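Taken in sequence, the protein lines are chains R and Y.
Anchor point for the first sequence: position 193 equals 180 in the numbering used here, and the numbering is continuous, going up by one each time.
Residues are numbered in the numbering used here as their position in the second sequence, beginning at 1, plus a constant of 114.
A virtual CB, placed ideally from N, CA and C, is assigned to each residue, including glycine.
No experiment lies behind these values; they were computed from the predicted model shown.
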Amino acid sequence: MRKYFVPLAAVATAMFLYAPIMIAQAPYESTMGLVQKIFYYHAPSGMVMLVSAIVCGVASAIYLWRGTPAADRVAMAAAELTALFGLIVIVTGPLWARKAWGIWWDWEPRLTMSFVGWLISVSYLFVRKYAGPGSDKLGAALAIFGSVNVPFIYVSVNVWRTMHPKTTVVPSLQPGMRGPFWFSFLALLLLYLLLMTARVHLERQRTALDELYLAEEDAS
Amino acid sequence: MIRVAWLILRKDLTVEVRSKEIVYTTLFFAVSCVLVFAFALVREGRGPEDGAAGILWIAVMFAGNLALGRTFERERQSETLRALLLAPASRPAVYVGKLLGILVLLFGAELLLVPLVALLFQARLLSHPFWLTAIMTTGTVGFAAVGTLFAAMLVRARSRDVMLPILLYPMTIPVMIGGVRGTVALLQSPPDTASVTMWIGLLVCMDVVFVTIALWTFEPLMTE
């Protein structure tokens, strides 16, 4: 992945530059008008957040049972990005809701569960930073519990009657909106992959540096 | 496995009966917690509408957090948790024994809390003992299942007193919602039994998921 980092970063930059043009050209939604355009940013970020939470959970499970250090680095990076994309989702959501529903926030299942998922990812980061020795395993257990939450977030809008649009919105998009939506999703997913690569690489360098320090101390 | 779990439960209860430290501190804390809410919220003899359910669950969760912390702190002080893990007992059995100990303690606290909240907030909590028992049991099991696992893991961690609530509360918010909503539905007159059974069903699902993952992860987590 590192070999392709620079070319992929260039592709991502081009996609992010072109995305606003595509979104501007997409047809207006009949009732919501301009406000609906935030959907191209909000929904794909939410999808990336859920993907990231699952990546974190799976990597943590691998780390817990196999003890692979690489899996721990992936879990760490995925947790940070879950928190980042989660923040995007819970900031852009209310901006839309204020216009579409007339309120900033409502404690309905989708919003509540997404918020809980974001809180869990933040508590994971706290554990990794402040819990000291053994925090890697602690975090792994937390991530496994947290990823159980993901299917609940996904189905919550379909099971309970909520204000939040259902998951069927995406396949039923009209042709003019479908293109920009999946383009935005790909752009954000690519950004996610790039950030993951960079973050995992940083963590690997940090471990290598720690080992060099220890070796140096042992030698002297 | 059942025998090992029973032995661990008996050991914990024996230690507790002799010192009574956790029982007394937890009960006192739970009662003062409810009193703080009563002073803050009760006006002219009436609490806020549906407030009793929320306050009951907040008191249970706060007291549970305290009890979990103390239970494992005691195991840490004389390194007895290590001895427990070195014993030829399967790890899931150790977990189940610890979980049962916490549950006995929390059910004891609830026996005191329910009448107290019913009295101070004039809530008809005791008019449907069967449903109330079902909600309290399923909710408490869900909370304690996650709590026992995290508290056991935190024994060796730094700043564990702060870490336990930080880990536990986000994870158990769904249990809290289920417990509070179920209790609110029960407090309506006549009680909304359809909602009550729905929330109990959800709580049972969460209990099954949480206990399964906890049993499953306890072994790799407690290996040094």
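Residue i: contacting residues in chain R (beta-carbon distance under 8 Å)
i        : result
Ile314/Y : Result: empty, since nearest Cβ-Cβ is about 17 Å, beyond 8 Å.
Partner residues on chain R for residue i, Cβ-Cβ distance less than 9 Å
i        : result
Ser360/Y : Within the shown structure, residues of chain Y are numbered from 115 to 338, placing residue 360/Y beyond reach of any answer.
Leu263/Y : Ala128 and Phe132
Beta-carbon gap between residue i and residue j smaller than 7 Å
i        : j         : result
Phe332/Y : Tyr209/Y  : yes
Gly211/Y : Leu123/Y  : yes
Ile136/Y : Arg190/Y  : no
Leu126/R : Ala271/Y  : For clarity, residue 126/R is Gly in the given sequence; the question names Leu instead. Against a cut-off of 7 Å, the Cβ pair of Ala271/Y and Gly126/R comes out as no contact.
Ile220/Y : Thr252/Y  : The sequence given here places Leu at residue 220/Y; Ile does not occur at that position. Contact: no.
Ala344/Y : Ala207/Y  : Examination of residue 344/Y is not possible in this model, given that chain Y is present from 115 through 338 alone.
Leu335/Y : Lys116/R  : no
Gly261/Y : Leu282/Y  : yes
Leu195/Y : Ala258/Y  : no
Ala174/R : Ala6/R    : yes
Met36/R  : Phe3/R    : no
Pro167/R : Ala66/R   : no
Lys153/R : Val144/R  : yes
Ile327/Y : Val103/R  : no
Ile318/Y : Asp164/Y  : Reading off the sequence shown, one finds Val at residue 318/Y, where the question assumed Ile. Their beta carbons are not under 7 Å apart, which means Val318/Y does not touch Asp164/Y by this criterion.
Val148/Y : Ala177/Y  : no
Val61/R  : Ala46/R   : yes
Leu181/R : Ala(-4)/R : yes
Trp83/R  : Val22/R   : yes
Ser108/R : Pro284/Y  : no
Met9/R   : Ala87/R   : no
His29/R  : Thr99/R   : no
Leu126/Y : Gly215/Y  : Here the sequence assigns Asp to residue 126/Y, which means Leu is not the residue at that position. Yes, they are a contact pair.
Gly292/Y : Leu316/Y  : yes
Ala152/Y : Leu234/Y  : yes
Glu198/R : Met63/R   : no
Chain R residues whose Cβ lies nearer than 7 Å to that of residue i
i        : result
Arg270/Y : Pro120 and Gly121
Thr331/Y : Leu51, Ala128 and Ile131
Residues sharing a beta bridge with residue i, DSSP
i        : result
Arg157/Y : Arg160/Y
Glu16/R  : Gly20/R
Contacts that residue i makes with chain Y (C-beta to C-beta distance below 8 Å)
i        : result
Phe132/R : Val260, Met285, Phe324 and Ile327
Lys124/R : Met267, Pro334 and Leu335
Val103/R : Pro284, Ile287 and Pro288
Cα-Cα separation between residue i and residue j, rounded to whole angstroms
i        : j         : result
Met250/Y : Leu239/Y  : 11 Å
Ala58/R  : Gly121/R  : 16 Å
Phe172/R : Ala(-1)/R : 11 Å
Trp171/Y : Pro279/Y  : 15 Å
Arg85/R  : Met290/Y  : 28 Å
Gly33/R  : Ile75/R   : 8 Å
Arg165/R : Tyr27/R   : 10 Å
Leu51/R  : Met175/Y  : 28 Å
Ala223/Y : Ala167/Y  : 16 Å
Ile25/R  : Arg186/R  : 28 Å
Val146/R : Pro96/R   : 10 Å
Gln302/Y : Glu187/Y  : 41 Å
Leu217/Y : Leu182/Y  : 10 Å
Pro81/R  : His151/R  : 11 Å
Leu180/Y : Ser192/Y  : 19 Å
Pro138/R : Leu263/Y  : 22 Å
Trp313/Y : Tyr(-9)/R : 50 Å
Pro162/Y : Gln236/Y  : 10 Å
Trp91/R  : Ser101/R  : 15 Å
Asp306/Y : Leu178/R  : 48 Å
Phe142/Y : Ser207/R  : 56 Å
Ala248/Y : Ile169/Y  : 18 Å
Ala1/R   : Leu176/R  : 14 Å
Leu68/R  : Arg295/Y  : 33 Å
Val310/Y : Leu106/R  : 27 Å
Pro158/R : Trp169/R  : 11 Å
Residues that residue i contacts on chain Y, provided the C-beta gap is smaller than 7 Å
i        : result
Ile107/R : Pro284 and Met285
Ser110/R : Ile280, Leu281 and Pro284
Pro52/R  : The amino acid at residue 52/R is misidentified as Pro; the sequence shows Trp. Result: Pro334.
Leu129/R : Leu281
Val114/R : Met277 and Leu281
9 Å Cβ cut-off: residues of chain Y touching residue i
i        : result
Phe72/R  : Here the premise fails: no neighbours, minimum Cβ distance about 17 Å.
Val135/R : Val323, Phe324 and Ile327
At least three beta-carbon pairs within less than 8 Å, the region 38 to 49 of chain R to the region 118 to 133 of chain R: yes
Three-pair Cβ contact test at 8 Å for the region 257 to 273 of chain Y versus the region 199 to 207 of chain Y: no
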